[in-house]
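K.L.:
Structure incoming, see below.
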Amino acid sequence: MHDPEMDRTTPTAAAGSREERVVIAGFLLVLIIPALALLAGFRPTDIEGGDPATLPTFDTTTVGDPATYAAVDRWVAESFPLRNVAARAYGAIDYGLLGGSPNPDVIVGRDGWLFTITELQPVCRFSAAEVLAGLDTVTSQLAAVGIELRLTVPPDKHVIYPERIVPGSGLGTSCADRSREALRAGMAARPQAAVEVWSRLEQAHAADPDRPLYFAQDTHWTPLGALVATKGLIESVAPGLWSEDQVPTDGFANYETDLSRLIGLPARERVPKLVIRPGVAVEEGTIDLGIDIDNARDVATFRVDMAAAAVEGRTLIVYDSFYGTNMRRIAPWFRDSVWVHQGDLTDHPSLVASLPAFDRIVVARVDRGVYDTDLAALLAPLIAAAGG
1 MHDPEMDRTT PTAAAGSREE RVVIAGFLLV LIIPALALLA GFRPTDIEGG DPATLPTFDT
61 TTVGDPATYA AVDRWVAESF PLRNVAARAY GAIDYGLLGG SPNPDVIVGR DGWLFTITEL
121 QPVCRFSAAE VLAGLDTVTS QLAAVGIELR LTVPPDKHVI YPERIVPGSG LGTSCADRSR
181 EALRAGMAAR PQAAVEVWSR LEQAHAADPD RPLYFAQDTH WTPLGALVAT KGLIESVAPG
241 LWSEDQVPTD GFANYETDLS RLIGLPARER VPKLVIRPGV AVEEGTIDLG IDIDNARDVA
301 TFRVDMAAAA VEGRTLIVYD SFYGTNMRRI APWFRDSVWV HQGDLTDHPS LVASLPAFDR
361 IVVARVDRGV YDTDLAALLA PLIAAAGG
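In terms of this note's numbering, the sequence shown opens at residue 1 and continues consecutively.
This is the structure we're talking about:
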């Protein structure tokens, strides 16, 4: 029997119904507005990524500064409860559904691969001939004060995985692409000053295309890719030291990828976990510079136990993120190593006063960055300190 009371809606039920409709409408807006904007061709300048905003400090020196309130505005925007939902919605629609990128700094390749725009459109202040001329100059200057040099250039991802680039993406051949063969040949012709690793990585990829040498959704090579380059470096400075038995794998490890985060869809990739020189004791430390540096948290030091074979002497490694992300996989091969980020050496040349003397300098500069690096200027403070 029908009960008329069942047709009546209580105030509480009505309120609940209205709240549910508001939640549903809000959720749909989060999905529909990004979709409409993307279909119309709009791409936000930075939907996700970069340094997170922090609430500024208010005191007598900052309260009158417009930048303080701009920082507050950014903090409020980033603290909006639906920000992460919106970022993921943009990423899911633009990347997952439309095959585009919600971040103009990220280029979408084949099979879910992502590339940074700086890799495909780098800045080149120097030609290959000029880079090699700079290498010759600093090699000679360092040799005069008893220091050997090795320049190594980690290849960019698209060089080893050109099949992952989408043809017709609108990106022409970059200045780095045009200079690469000349630089490779020049480095190969200077084995006492340079380590050419493009060939090693190309051969490794050709031999086993499924072996992950670079992350699909990260800017960098994997530990497996770094291992190929590290072998080339160690064989250059200490022939006979390298042994494949000293780099076994132990299961798998998951790595957070930077480019996936930049499109609002944070992800992890699973690759074999390397164990570097098991049983070899490595002591870690830092050098107190007495100044604040910006690119790395500190200047790291590593020392390998004297009972183990290693590259003898003290090695300064001037690095960028390709070596930085693999620091603890490379350091165990060197008896005594000091690690200085190239950006910190560039920005704070006075830091060399706090560094010890060196027998060897390794400069590791990624493919897209080497044509924007003045080797003579970068190493001038170190050469001056050694000569003094």
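Where is the CB? At the ideal position from N, CA and C, for every residue including glycine.
State yes or no: is the C-beta of Pro223 within less than 8 Å of the C-beta of Val197?
P.N.:
No, the pair does not count as a contact, with Cβ atoms beyond the cut-off.
K.L.:
Under the three-state reduction of DSSP, which class applies to Thr301: helix, strand or coil?
P.N.:
Here Thr301 sits in strand by DSSP.
K.L.:
Tell me, please, which residues DSSP counts as bridged to Phe252.
P.N.:
Per DSSP, Pro272.
K.L.:
Keeping to the same chain, check which residues put their C-beta closer than 6 Å to that of Leu149; ignore five residues upstream and five downstream.
P.N.:
Thr139, Leu142, Ala193 and Ile361, listed in sequence order.
K.L.:
Taking Ser179 as part of the alpha helix (DSSP H), name the residues at either end of that continuous run.
P.N.:
Where Ser179 is concerned, the enclosing alpha helix (DSSP H) stretches over Cys175 to Ala188.
K.L.:
Are the Cβ atoms of Ala137 and Ala309 separated by less than 8 Å?
P.N.:
A small fix is needed here, since residue 137 is Thr in this sequence, not Ala. Result no, Cβ atoms of Thr137 and Ala309 do not sit closer than 8 Å.
K.L.:
Decide if Val228 is buried, meaning its Cβ has at least 16 other Cβ atoms within 10 Å, or exposed.
P.N.:
Classification of Val228: buried, given that the 10 Å Cβ count is 16 or more.
K.L.:
Within this structure, are the beta carbons of Val338 and Leu241 separated by less than 8 Å?
P.N.:
Contact flag unset, no.
K.L.:
When we look at the beta-carbon of Ala216 and count the other beta-carbons within 10 Å, is it buried (16 or more) or exposed?
P.N.:
Looking at its Cβ environment, which holds 16 or more other Cβ atoms inside 10 Å, Ala216 is buried.
K.L.:
Would you kindly work out how many angstroms separate the C-alpha atoms of Val318 and Asp105, rounded to a whole number?
P.N.:
Roughly 26 Å separates the two Cα atoms.
K.L.:
Which class does Leu351 belong to by DSSP, given the choice of helix, strand or coil?
P.N.:
Leu351: helix per DSSP, three-state reduction.
K.L.:
Short of 8 Å in beta carbon distance, which residues of its chain neighbour Ile389, apart from the five on each side in sequence? Order them along the chain.
P.N.:
Residue 389 lies beyond the residue range present for the chain, which begins at 1 and ends at 388; the question has no answer from this structure.
K.L.:
Do His158 and Glu119 have their beta-carbon atoms positioned less than 8 Å apart in this structure?
P.N.:
Yes.
K.L.:
Going by other Cβ atoms of all chains shown within 10 Å of its Cβ, with 16 needed for buried, is Ile263 buried or exposed?
P.N.:
Buried, since its Cβ has 16 or more Cβ neighbours within 10 Å.
K.L.:
Taking the alpha-carbon positions, what's the Ser236 to Pro191 distance?
P.N.:
Straight-line Cα distance between these residues: approximately 7 Å.
K.L.:
Three or more C-beta pairs closer than 8 Å, one from the segment 173–181 and one from the segment 363–374: is that the case here?
P.N.:
Yes, the segment 173–181 touches the segment 363–374.
K.L.:
Identify the continuous alpha helix (DSSP H) that holds Glu130 and give its terminal residues.
P.N.:
Its alpha helix (DSSP H) spans residues Ala128 to Ala144.
K.L.:
Looking at Ala331: is its Cβ nearer than 8 Å to the Cβ of Val282?
P.N.:
Cβ distance < 8 Å, so Ala331 and Val282 count as in contact.
K.L.:
Starting from Leu265, follow the beta strand (DSSP E) in both directions and report where the run begins and ends.
P.N.:
Leu265 -> no beta strand (DSSP E), and no H or E assigned at all.
K.L.:
Considering Glu283, what are the terminal residues of the beta strand (DSSP E) in which it resides?
P.N.:
Here the beta strand (DSSP E) through Glu283 covers Val282 to Ile287.
K.L.:
May I have the straight-line CA-CA distance separating His205 from Ala353, to the nearest angstrom?
P.N.:
Rounded to the nearest angstrom, the two C-alpha atoms are 42 Å apart.
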